[in-house]
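This report concerns only the one structure given below.
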Amino acid sequence: MQYLKASFLALFLLTVNLIFAQTGTIRGNVYDKGTGNPIAYANIYLENTNFGVTTDDDGFFSITNVPKGNYSLVASFIGYETKKQAVELLSGQIKYIQLSLEASGIGLAVVDISAKRERVRSETHVSVIKVSPKEIKALPAIGGEADILQYLQVLPGIIATGDQGGQLFIRGGSPVQNKITLDGLTIINPFHSIGSFSVFETELISNVDVLTGGFNVEHGGRVSAVVDIKTRPGNGVRHESIISVSPFMYKLLAEGPIIKFSENKDFSMSYILTTKQSLIDKTAKILYPYINASDSIGLPYKISDFYGKLSMQLGSGSKIDLFGFDFTDRYFHPRVADINWDNSGGGIKFKVIPSNSSIMVDAGFGYTAYETEMISADGLPRFSEINHFSTDVDFTYFGEKIKMNYGLEFNSIYTNFEFTNPFKVSFQEVQNTPEMNG
């Protein structure tokens, strides 16, 4: 009897191994042929089968447990021409395919449908709102500058008040309970001193996820909400630039390829740079002559933003992003104070997908700093800074039937406060707080 049971068990295990041995994996990336940028949420399926997935934010897809054989792989997305490619899959093979979709000639009606489709897609997630740059630009903007901060305020349960300090209240939570990230780096204060504008340039944004509850542990220990902002890579095919001027500010954007993107090449490199400067300190004297009519100061506010990103596609879906930013504010009145705010930081993010492995690795290292310096009219200085170091490694396992995510994150938060009282006595308080999530 024991021999019979052992025989049945061995036969069962042999059958399972034979079944799995007859399957393989098809994975790849989908890009826009005109820009080289990834296409998120594209439909990928094997024709005349039940196998199909959608691409992630980086345009990556993986179809597992596919029986060996010959297939027609179909990639489609609204606003693009559908593309088919023949695929021969062998037993145990991990097949990588890079696809480029060409924009369709019928665009206007399709864009409207696309926005609706993205909204319906976001409703399938619990307490997640997905925002695209097109939706941000469709909203009437203060000063002619579309801004994610202005868009967030039209969403239910979100209120922004005050200026400096990042007073963003989401679903009743306090601002300190929110986490706002730019390409994975925590932004301490997302507001400019002119409270209607954030530090995020709309032309740079790839997508925004607003998580108001039930978010994963990967977002750390925040209890109110997470606003996750991702920037796009530069145009990998041609050089482009944007110049914009309004009564409030002007901005410049330049992007293009360093090593041109091609569907038949594994390696490409692109850049994107943008800068934004306020003009309100100069134009206020003309637009608002009744302000400070007794002197020539006008509105003593000035903001300046810079962001740069270098993106490299390494083949097989692997990539490296290097980026840095500096967002500054200044208020100067000779009879009141000279106040400077500075948001700066940078980091490296990379994704590694070994060609014959079922594991994808996402990792990054970053640093952000928020500094405030005030020199009052009596010459007494005040200074505070928050420095945030972060390192994270995330793994994604693509199994035969499951997809599993796990990872580790380490943060170090350094705070420093310096103050001189009217008696010329200086005080300093320093604190360093480590944090680890997994």
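Position one of the sequence shown corresponds to residue 563 (this note's numbering), numbered consecutively onward. Glycine included, every Cβ here is placed at the ideal spot set by N, Cα and C.
Inter-stretch contact (C-beta, 8 angstroms, three-pair minimum) for the segment 892–903 and the segment 711–718:
Contact between the segment 892–903 and the segment 711–718 is absent, with fewer than three C-beta pairs closer than 8 angstroms.
Cβ shell of Arg683 (< 6 angstroms), same chain only, five flanking positions each side left out:
Because the pLDDT of Arg683 is 42, which lies under 50, any placement of that residue in the model is unreliable, and the number read from its coordinates should be weighed accordingly. So the list is empty, once near-sequence residues are dropped.
Hey, Ser866 and Thr890: beta-carbon distance below 7 angstroms or not?
For Ser866 and Thr890, yes; Cβs fall inside 7 angstroms.
Rounded C-beta distance between Ala602 and Gly621? I'm assuming under 8 angstroms.
Contact holds; Cβ gap of about 6 angstroms.
From which residue to which residue does the beta strand (DSSP E) around Lys657 run?
Counting along the chain, the beta strand (DSSP E) containing Lys657 begins and ends at Ile656 to Leu663.
Short Cβ contact (7 angstroms threshold) for Tyr968 with Phe951
Taking 7 angstroms as the Cβ cut-off, Tyr968 and Phe951 do not qualify as a contacting pair.
Evaluate Ala787 with the Cβ neighbour count: other Cβ atoms within 10 Å of its Cβ, from every protein chain shown; 16 or more gives buried, anything less gives exposed.
Counting the other Cβ atoms within 10 Å of the Cβ of Ala787 gives 16 or more, which makes it buried.
Start and end of the alpha helix (DSSP H) containing Thr774?
Counting along the chain, Thr774 falls outside any alpha helix (DSSP H), and DSSP gives it neither H nor E.
Where does His895 fall in DSSP's three states?
Reduced to three states, the DSSP call for His895 is strand.
Going by DSSP, which residues form a beta bridge with Gly870?
Beta-bridge pairing links Gly870 to Leu835 and Gly886.
Best match in Lys595, Asn999 and Asn983 for proximity to Gln660 [C-alpha to C-alpha]:
Gln660 has its Cα closest to that of Lys595, out of Lys595, Asn999 and Asn983.
Would the C-beta of Ala939 count as close to the ligand NAD, meaning under 6 angstroms from any of its heavy atoms?
The ligand content of the structure shown is nil, which means the ligand NAD is not present either.
Exposure of Pro943, with buried meaning 16 or more beta-carbon neighbours within 10 Å
Here Pro943 is exposed. Its C-beta has fewer than 16 other C-beta atoms within 10 Å.
Pair every Cβ in the segment 768–788 with every Cβ in the segment 732–739, then say whether three or more of these pairs are closer than 8 angstroms.
Judged by pairs of C-beta atoms under 8 angstroms, the segment 768–788 touches the segment 732–739, as three or more such pairs exist.
Other residues of its chain near Met922: CB distance less than 6 angstroms, five sequence neighbours each side excluded:
Closer than 6 angstroms at Cβ, skipping near neighbours: Ile915 and Thr958.
So, with DSSP's three-state summary, where would you put Met998?
Met998 falls in the strand class under three-state DSSP.
Close Cβ partners of Ile975 (< 6 angstroms) along its chain, the five nearest in sequence each way excluded
Once the five neighbours on either side are set aside, the close Cβ partners of Ile975 are His950 and Thr995.
Selected residue, minimal CA-CA separation from Ala816, among Phe823, Thr953, Arg800 and Ile834
Among Phe823, Thr953, Arg800 and Ile834, the Cα nearest to that of Ala816 belongs to Ile834.
In this structure, does DSSP put Pro695 in helix, strand or coil?
Pro695: helix per DSSP, three-state reduction.
Taking the straight line between their C-alpha atoms, what separation do you get for Asn769 and Phe762?
Cα atoms of Asn769 and Phe762: separation of roughly 12 angstroms, rounded to the nearest angstrom.
When burial is assigned at 16 or more other CB atoms within 10 Å of the CB, is Arg800 buried or exposed?
Of the other Cβ atoms in all chains shown, fewer than 16 fall within 10 Å of the Cβ of Arg800; this residue is therefore exposed.
Looking at C-alpha atoms only, which residue of Ser917, Asp904, Phe885 and Ile964 is the closest neighbour of Phe927?
Of the candidates Ser917, Asp904, Phe885 and Ile964, the one whose C-alpha sits nearest the C-alpha of Phe927 is Phe885.
Exposed unless 16 or more other CB atoms sit within 10 angstroms - verdict on Lys986
Exposed, by the Cβ-count rule.
With a cut-off of 8 angstroms on the beta carbons, I'd call Thr836 and Leu766 a contact; round off their distance for me.
Rounded to whole angstroms, the Cβ separation of Thr836 and Leu766 is 6 angstroms, and the two are in contact under 8 angstroms.
Can the beta-carbon of Val636 be found less than 7 angstroms from the beta-carbon of Glu609?
In this structure, Glu609 lies closer than 7 angstroms to Val636 by Cβ.
What residues in its chain sit with their C-beta under 6 angstroms from that of Asn632, if we drop five residues either side in the sequence?
So the qualifying residues of the chain are Glu650.
Checking the sheet assignment: what are the DSSP bridge partners for Ile732?
By DSSP's assignment, Ile732 forms a beta bridge with Ile720.
Which residues does DSSP list as the beta-bridge partners of Tyr976?
Partner residues in the beta bridge of Tyr976, as assigned by DSSP, are Asn949 and Asn994.
Based on the DSSP secondary-structure assignment, which residues constitute the bridge partners of Ala931?
Looking at the DSSP output, Ala931 bridges to Ser906 and Asn949.
Less than 7 angstroms between the beta carbons of Tyr658 and Ser878, yes or no?
Closer than 7 angstroms, so yes.
What does the Cβ neighbour count give for Asn905, buried or exposed, with the cut at 16 atoms within 10 Å?
Sixteen is the threshold: when 16 or more other Cβ atoms of the shown chains lie within 10 Å of the Cβ of Asn905, as they do, the residue is buried.
How far does the alpha helix (DSSP H) with Lys844 in it extend, from its first residue to its last?
Ile842 to Leu849 is the extent of the alpha helix (DSSP H) around Lys844.
Could you round the C-beta distance between Ser689 and Thr774 to whole angstroms and report it? I think they count as a contact, below 8 angstroms.
Rounded to the nearest angstrom, the Cβ distance from Ser689 to Thr774 is 5 angstroms, consistent with a contact under 8 angstroms.
Start and end residues, alpha helix (DSSP H) containing Gln647:
Premise fails: Gln647 lies in the beta strand (DSSP E), Lys645 to Leu651, not in any alpha helix (DSSP H).
Run through DSSP, which three-state label would Ile710 get?
Ile710 falls in the helix class under three-state DSSP.
Sub-7 angstroms separation of Ser662 and Tyr593 beta-carbons
Yes; because the gap between Cβ atoms is below 7 angstroms, this pair is in contact.
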